[in-house]
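For the record, the sequence lines run as chains A and B.
Under this note's numbering, the residue at position 95 of the first sequence is numbered 116, and the numbers go up by one with no gaps.
Under this note's numbering, the residue at position 409 of the second sequence is numbered 596, and the numbers go up by one with no gaps.
Even for Gly, the Cβ is constructed at its ideal location relative to N, Cα and C.
Computed from a predicted structure; not experimentally measured.
Read through the structure below, which is laid out as structure tokens, and then see the notes.
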Amino acid sequence: MLHTLSLLVRNHPGVLSHVAGLFTRRGYNIESISVGVTENPELSRMTIAVGGDERVVQQIIKQCQKLVDVLSIKDLKYDESITRELAVFVVKTPSNQSRAEIIQIAGVFNARVADMSETSIMIEVTGNQRQIDSITRLLAQYGIEEMARTGIVALTFPSKRKPEDSLEKE
Amino acid sequence: MKLTGAQILIESLKAEGVEVIFGIPGGAIMPVYDVLFDSGIAHILTRHEQGAIHAAEGYARTTGKVGVCMATSGPGATNLVTGLVDALMDSTPIVAITGQVPTHLIGTDGFQEADIYGISIPATKYNYLVRDVNKLAQIVAEAFYIARTGRPGPVLIDLPKDIQNAVTEYVKPKPVSLPCYNQYFQEINEAQVDKAIQAIEEAERPVIYVGGGVIISGAHQELYEFAKRTRIPVTTTLMGLGSFPGTDELSLGMLGMHGTKYANYAMGEADLILALGARFDDRVTGKVSEFARNAKIVHVDIDAAEINKIVYAHIPIRGDVKKVLQVFLKKLDKAKLKTYDKWHKQIQEWKTQYPLTYENSEDRVIPQYVVEQIYEATKGEAIITVGVGQHQMWAAQYYRFQAPRSWVSSSGLGTMGFGFPAAIGAQVAYPHRTVFTIDGDGSFQMTIQELATAVQYHLPIKIAILNNGYLGMVRQWQQLFFKGRYSHTFLGSPDFVKIAEGYGAVGILITKKAEVRPAIEKALETDNTVVMDFRIPQEDNVYPMIPAGGTLKQMIG
Chain A
22 MLHTLSLLVR NHPGVLSHVA GLFTRRGYNI ESISVGVTEN PELSRMTIAV
72 GGDERVVQQI IKQCQKLVDV LSIKDLKYDE SITRELAVFV VKTPSNQSRA
122 EIIQIAGVFN ARVADMSETS IMIEVTGNQR QIDSITRLLA QYGIEEMART
172 GIVALTFPSK RKPEDSLEKE
Chain B
188 MKLTGAQILI ESLKAEGVEV IFGIPGGAIM PVYDVLFDSG IAHILTRHEQ
238 GAIHAAEGYA RTTGKVGVCM ATSGPGATNL VTGLVDALMD STPIVAITGQ
288 VPTHLIGTDG FQEADIYGIS IPATKYNYLV RDVNKLAQIV AEAFYIARTG
338 RPGPVLIDLP KDIQNAVTEY VKPKPVSLPC YNQYFQEINE AQVDKAIQAI
388 EEAERPVIYV GGGVIISGAH QELYEFAKRT RIPVTTTLMG LGSFPGTDEL
438 SLGMLGMHGT KYANYAMGEA DLILALGARF DDRVTGKVSE FARNAKIVHV
488 DIDAAEINKI VYAHIPIRGD VKKVLQVFLK KLDKAKLKTY DKWHKQIQEW
538 KTQYPLTYEN SEDRVIPQYV VEQIYEATKG EAIITVGVGQ HQMWAAQYYR
588 FQAPRSWVSS SGLGTMGFGF PAAIGAQVAY PHRTVFTIDG DGSFQMTIQE
638 LATAVQYHLP IKIAILNNGY LGMVRQWQQL FFKGRYSHTF LGSPDFVKIA
688 EGYGAVGILI TKKAEVRPAI EKALETDNTV VMDFRIPQED NVYPMIPAGG
738 TLKQMIG
């Protein structure tokens with residue numbers, strides 16, 4: 022099962038190496054990782070998607086908590102948080118009909134056509150992981166020339182935020 | 188007051204109470220060595236950086252203080268890596284300082300440049316690359332704080348040469364405050380202790396299983412009182428040796444792969460295991476799914492990540508073992524304690540039936556006999572350091588450790604060549620105590636050049652080589668599990684007496700049983716470094732033994 026871990030870390034060089042290195046050293050597989058600044062310039066937020074059973078994820082959380090640069094770590098629950106990913110595709114369009122179909126698919130997923138050429142079309146889409154997986158599968162029928170995904174970013178809904186949720190080190 | 192980075196570093200080390208540094212100078216650390224020259228801090232020049240960090244570990248393990256080692260950039264720094272991982276695995280407080288090429292050369296593949304910051308991330312508890320001389324004093328203070336607090340460990344500071352030379356106003360560091368580093372300092376959950384006491388009241392066959400955490404936290408007296416009052420038998424890991432007197436009636440000795448049969452049987456039959464500062468290493472558990480299946484497990488550890496890592500803990504208690512045991516002792520007054528008579532009778536039967544023993548009839552130099560004689564001759568009061576292999580297990584089995592911090596073994600990483608340099612650190616810390624290295628011929632040859640260090644600094648270390656001419660433990664496994672095909676384990680070791688003499692130490696050859704005790708006595712009377720070459724039988728094995736990944740029922744010997 023995929024878990025979404027949200028870490029607040031000190032914003033200084035080497036932190037990503039420390040966190041990513043921990044996953045390598047302990048034999049955990051990172052499905053995706055994204056890092057960016059937060060409202061506090063001294064802190065960065067890392068969102069890490071990781072697979073594994075409950076016990077493995079608990080162990081990952083505890084090992085991450087030990088890192089000197091990790092301020093807090095949360096295991097985000099699906100129905101209490103927003104998780105978003107950006108994906109960009111270049112899809113082949115051998116015919117006008119396929120191009121029209123692709124634009125239709127993009128419409129269903131609220132995706133945007135970013136560029137177009139005689140033989141291909143560029144689509145950008147934002148959504149949760151299931152949505153990105155779905156549009157990827159549909160576009161694959163036409164032939165995906167290139168694609169890039171950002172990895173997910175996530176936050177707990179303010180209305181669902183509970184102090185005991187936070188595994189912040191006291 | 189304007190100071191250079193090098194001067195700030197030395198001032199900071201003095202402020203931390205550093206008395207001695209183990210290391211080797213080189214190009215990228217020379218400004219620091221120049222200040223060190225008349226700083227008043229002692230320096231031990233080892234012959235290899237691995238020797239320096241193992242010596243720092245020996246110093247740290249026997250004193251409880253932070254051990255400090257220093258090396259230059261590139262190869263000097265990379266030679267520390269084994270020791271860093273060793274210290275990480277055994278939770279030993281170390282601060283390692285490495286020179287680095289000047290900041291403008293970092294990343295250019297400059298001469299003697301290595302990315303020791305990147306290399307040491309998984310090898311340290313924390314590490315620093317200093318890029319601003321104004322932050323140096325604070326970094327050193329933080330490094331020592333992180334190394335010695337919580338679950339101790341190694342911290343590396345990489346210091347570029349231009350930062351060593353940069354001049355700035357020296358400002359004393361502020362008290363260390365790390366907002367992200369306080370998970371170790373939470374309150375003890377007393378309700379969990381109550382649950383554990385209830386489990387003790389309900390148990391019929393309890394065992395206390397003690398690891399290195401008890402020694403690190405200085406909890407040996409609390410442990411002794413706890414065991415005596417509850418009358419629960421005590422077994423220790425390799426790291427836990429010395430935390431409980433090996434001669435006490437409640438002592439089961441060491442458990443695990445080469446533990447006593449009675450300790451392993453007791454663990455197998457236990458209905459309650461009180462794990463104190465121990466981490467359920469595979470050398471202890473064997474096959475995890477079969478380990479202590481009928482026991483309720485209470486796990487006390489300062490490191491939350493150790494709890495439920497290997498074995499599920501029914502009653503986890505997070506905290507420093509010493510403080511947790513103090514809570515236990517306070518609450519014991521009201522507990523309805525049993526005497527566990529039936530359990531003690533059972534254990535006594537196992538002890539009688541399966542004593543730790545060896546064949547000693549012939550006039551050969553039997554390794555177990557050598558260890559026993561060292562134990563008797565030193566009255567159990569020596570500091571014993573060991574390498575890794577058969578000799579390490581014989582030492583663990585037959586030297587009955589009475590006091591904490593008297594046993595120094597590379598237990599987690601299993602670093603061959605650890606013992607002798609560790610003894611250098613121990614002897615530097617305790618010039619007037621007897622420091623004995625029990626080593627194997629294979630292990631000793633991995634850091635044999637440190638004989639020069641021991642002789643140079645007049646360290647009267649006694650080195651007992653249990654010499655069977657083989658990489659003995661690997662040979663034992665080849666004999667038992669690889670049909671006796673001794674693939675590349677024969678060493679045919681050199682003449683250690685001549686080597687000792689070549690370095691200016693004393694060498695003694697022992698080939699007969701009758702020569703064993705006199706050789707040890709002579710070594711103890713000599714105030715020089717002494718190498719004793721005990722020629723033991725080539726194919727003696729360490730027993731009892733549980734094969735790797737095996738269960739208690741598969742115990743051999």
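Check: Mind pulling the chain B residues with CB within less than 8 Å of residue 238 of chain A?
Finding: There is no way to answer for residue 238 of chain A, as the model of chain A reaches only from 22 to 191.
Check: Taking C-alpha atoms, which residue in B:575, B:188, B:470 lies nearest to residue 735 of chain B?
Finding: Counting from 1 along the second sequence, the entry for residue 735 of chain B is found at position 548. Selected option, being the one with the closest Cα: B:470.
Note to self: Going by DSSP in three states, residue 376 of chain B sits in which element: helix, strand or coil?
What the structure shows: Along the second sequence, one-based indexing puts residue 376 of chain B at 189. Three-state result, residue 376 of chain B: coil.
Check: Do we get a CB-CB distance below 8 Å when we pair residue 113 of chain A with the residues of chain B?
Finding: Start at 1 with the first residue of the first sequence, and residue 113 of chain A comes out as number 92. Not closer than 8 Å to any Cβ of chain B, the Cβ of residue 113 of chain A fails to qualify, so no.
Next item on the list: Please work out which residues of its chain come closer than 7 Å, Cβ to Cβ, to residue 363 of chain B, disregarding the five sequence neighbours upstream and downstream, and give them in chain order.
Entry: Sequence index remark: in the second sequence, residue 363 of chain B carries index 176 (1-based). So the list reads 328, 329, 332, once near-sequence residues are dropped.
Notebook entry, point to check: Rounded C-beta distance between residue 260 of chain B and residue 288 of chain B? I'm assuming under 8 Å.
Noted result: Residue mapping note: residue 260 of chain B aligns to position 73 of the second sequence, counting from 1. Residue mapping note: residue 288 of chain B aligns to position 101 of the second sequence, counting from 1. Right, their Cβ atoms sit about 6 Å apart.
Next item on the list: Might you give, ordered along the chain, the residues of its own chain that have their beta carbon closer than 7 Å to the beta carbon of residue 706 of chain B, omitting 5 neighbours on each side?
Entry: Mapped onto the second sequence, residue 706 of chain B falls at position 519. Contacts found: 695, 697, 719.
Item checked: Proximity winner among A:117, A:122, A:29, A:72, relative to residue 23 of chain A (alpha-carbon distances) -> Stepping through the first sequence from its first residue, residue 23 of chain A is reached at position 2. Considering only alpha carbons, the answer is A:72.
Notebook entry, point to check: Is the shortest distance between the beta-carbon of residue 190 of chain A and the beta-carbons of chain B less than 8 Å?
Noted result: As a first step, residue 190 of chain A must be located in the first sequence, where it is residue number 169. The predicted position of residue 190 of chain A is uncertain, since its pLDDT is 44 and thus under 50; a value taken from the coordinates is nonetheless stated next. Yes, residue 190 of chain A lies at the interface with chain B (some Cβ there is under 8 Å from its Cβ).
Note to self: Applying the 10 Å Cβ sphere with the 16-neighbour rule, what's the burial state of residue 410 of chain B?
What the structure shows: Position 223 of the second sequence, counted from the first residue, corresponds to residue 410 of chain B. Classification for residue 410 of chain B: buried.
Margin query: Suppose you measure from the CA of residue 515 of chain B to the CA of residue 452 of chain B; what does that come to, to the nearest Å?
Written below: As a first step, residue 515 of chain B is located in the second sequence; it is residue number 328 there, counting from the start. As a first step, residue 452 of chain B is located in the second sequence; it is residue number 265 there, counting from the start. Spanning the two alpha carbons is a distance of roughly 26 Å.
Next item on the list: Taking C-beta pairs closer than 9 Å, name the residues in chain A that residue 333 of chain B reaches, listed in chain order.
Entry: Residue mapping note: residue 333 of chain B aligns to position 146 of the second sequence, counting from 1. By Cβ distance, chain A contributes 89.
Note to self: Spatial neighbours of residue 143 of chain A within its chain, please: C-beta separation below 6 Å, excluding the five flanking residues on both sides.
What the structure shows: In the first sequence, counting from the first residue as 1, residue 143 of chain A sits at position 122. Same-chain partners within the cutoff: 111, 135, 136.
Item checked: Alpha-carbon spacing of residue 315 of chain B relative to residue 101 of chain A, whole angstroms -> Mapped onto the second sequence, residue 315 of chain B falls at position 128. Mapped onto the first sequence, residue 101 of chain A falls at position 80. Approximately 37 Å, taken between the alpha carbons.
Next item on the list: Examine the Cβ distances between the region 518 to 530 of chain B and the region 490 to 506 of chain B and report whether three or more of them are shorter than 8 Å.
Entry: no
Notebook entry, point to check: Hey, does residue 159 of chain A have any beta-carbon neighbour from chain B nearer than 8 Å?
Noted result: Counting from 1 along the first sequence, the entry for residue 159 of chain A is found at position 138. It does not; no Cβ of chain B falls within 8 Å.
Check: Residues in the region 66 to 97 of chain A with C-beta within 8 Å of chain B's C-beta atoms, listed in sequence order?
Finding: 76, 79, 80, 83, 84, 86, 87, 88, 89, 90, 91, 92
Notebook entry, point to check: Given that residue 237 of chain A touches chain B, what residues does it touch there, using C-beta distances under 8 Å?
Noted result: Beyond the ends of chain A as shown, which are 22 and 191, falls residue 237 of chain A; an answer cannot be given.
Next item on the list: Check each candidate in A:58, A:83, A:28, A:33 and name the one with the smallest Cα separation from residue 505 of chain B.
Entry: What you label residue 505 of chain B is simply residue 318 of the second sequence in a count that begins at 1. Ranking the options by Cα distance to residue 505 of chain B, first place goes to A:83.
Next item on the list: Could you please give me the residues that DSSP links to residue 256 of chain B through a beta bridge?
Entry: To locate residue 256 of chain B, count along the second sequence from 1; it is residue 69. Its beta-bridge partners are B:209, B:283.
Item checked: Between the CA atoms of residue 423 of chain B and residue 708 of chain B - distance to the nearest angstrom -> For the purposes of this step, residue 708 of chain B is taken as the residue at position 521 of the second sequence. For the purposes of this step, residue 423 of chain B is taken as the residue at position 236 of the second sequence. Their Cα atoms are separated by approximately 30 Å.
Check: DSSP three-state call for residue 234 of chain B: helix, strand or coil?
Finding: Your numbering for residue 234 of chain B matches position 47 in the second sequence. Residue 234 of chain B falls in the coil class under three-state DSSP.
Notebook entry, point to check: With a cut-off of 8 Å, does the C-beta of residue 308 of chain B fall near any C-beta of chain A?
Noted result: On the second sequence, position 121 is the one that residue 308 of chain B refers to. With 8 Å as the cut-off, residue 308 of chain B counts as an interface residue toward chain A.
Notebook entry, point to check: How about residue 311 of chain B and residue 340 of chain B: do their beta carbons lie closer than 8 Å?
Noted result: Counting from 1 along the second sequence, the entry for residue 311 of chain B is found at position 124. Counting from 1 along the second sequence, the entry for residue 340 of chain B is found at position 153. Cβ atoms of residue 311 of chain B and residue 340 of chain B: closer than 8 Å.
Next item on the list: Any chance you could list the alpha helix (DSSP H) runs of at least 4 consecutive residues sitting entirely within the region 28 to 85 of chain A, in chain order?
Entry: 36 to 47
Margin query: One question on the structure: do residue 346 of chain B and residue 196 of chain B come within less than 8 Å of each other, judged by their Cβ atoms?
Written below: Residue 346 of chain B sits at position 159 when you count from the first residue of the second sequence. Residue 196 of chain B sits at position 9 when you count from the first residue of the second sequence. Taking 8 Å as the Cβ cut-off, residue 346 of chain B and residue 196 of chain B qualify as a contacting pair.
Margin query: Measuring straight from C-alpha to C-alpha, what distance separates residue 107 of chain A and residue 206 of chain B?
Written below: Start at 1 with the first residue of the first sequence, and residue 107 of chain A comes out as number 86. Start at 1 with the first residue of the second sequence, and residue 206 of chain B comes out as number 19. Roughly 56 Å between the two C-alpha positions.
Notebook entry, point to check: Which whole-angstrom value is the C-beta distance of residue 355 of chain B and residue 376 of chain B, which I expect to be below 8 Å?
Noted result: Against the second sequence, residue 355 of chain B aligns to sequence position 168. Against the second sequence, residue 376 of chain B aligns to sequence position 189. Residue 355 of chain B to residue 376 of chain B, Cβ: 46 Å. No contact.
Notebook entry, point to check: Would you call residue 675 of chain B buried or exposed, if buried means 16 or more other Cβ atoms sit within 10 Å of its Cβ?
Noted result: Position 488 of the second sequence holds residue 675 of chain B. Result: exposed.
Next item on the list: Note down, in chain order, all residues in the region 359 to 378 of chain B with a beta-carbon under 8 Å from any beta-carbon belonging to chain A.
Entry: 365, 366, 367, 368, 369, 370, 373
Margin query: Under 8 Å, with one C-beta from each stretch per pair, do the region 226 to 236 of chain B and the region 578 to 598 of chain B reach the 3-pair mark?
Written below: no
Check: Where in the region 463 to 542 of chain B do unbroken runs of the beta strand (DSSP E), each at least 3 residues long, occur, reported from the N-terminal end onward?
Finding: 483 to 488, 502 to 505
Note to self: Using 8 Å for Cβ pairs, my map puts residue 703 of chain B next to residue 552 of chain B. What's the rounded Cβ distance?
What the structure shows: Residue numbering aside, residue 703 of chain B sits at position 516 when the second sequence is read from its first letter. Residue numbering aside, residue 552 of chain B sits at position 365 when the second sequence is read from its first letter. About 6 Å; that satisfies the 8 Å criterion.
Check: Would DSSP call residue 187 of chain A helix, strand or coil?
Finding: Here residue 187 of chain A refers to the residue found at position 166 of the first sequence. Since pLDDT at residue 187 of chain A reaches only 48, below the 50 mark, its modelled position is unreliable, and no value is offered.
Next item on the list: Under the assumption that residue 448 of chain B contacts residue 527 of chain B (Cβ atoms under 8 Å), give the Cβ distance between them as a whole number of angstroms.
Entry: As a first step, residue 448 of chain B must be located in the second sequence, where it is residue number 261. As a first step, residue 527 of chain B must be located in the second sequence, where it is residue number 340. Between residue 527 of chain B and residue 448 of chain B the Cβ distance is about 20 Å, and since that is not below 8 Å, they are no contact.
Check: Using 8 Å as the limit for Cβ to Cβ distance, is residue 35 of chain A near chain B?
Finding: Looking up residue 35 of chain A in the first sequence gives position 14. For residue 35 of chain A, the answer is yes, since a Cβ of chain B falls inside 8 Å of its Cβ.
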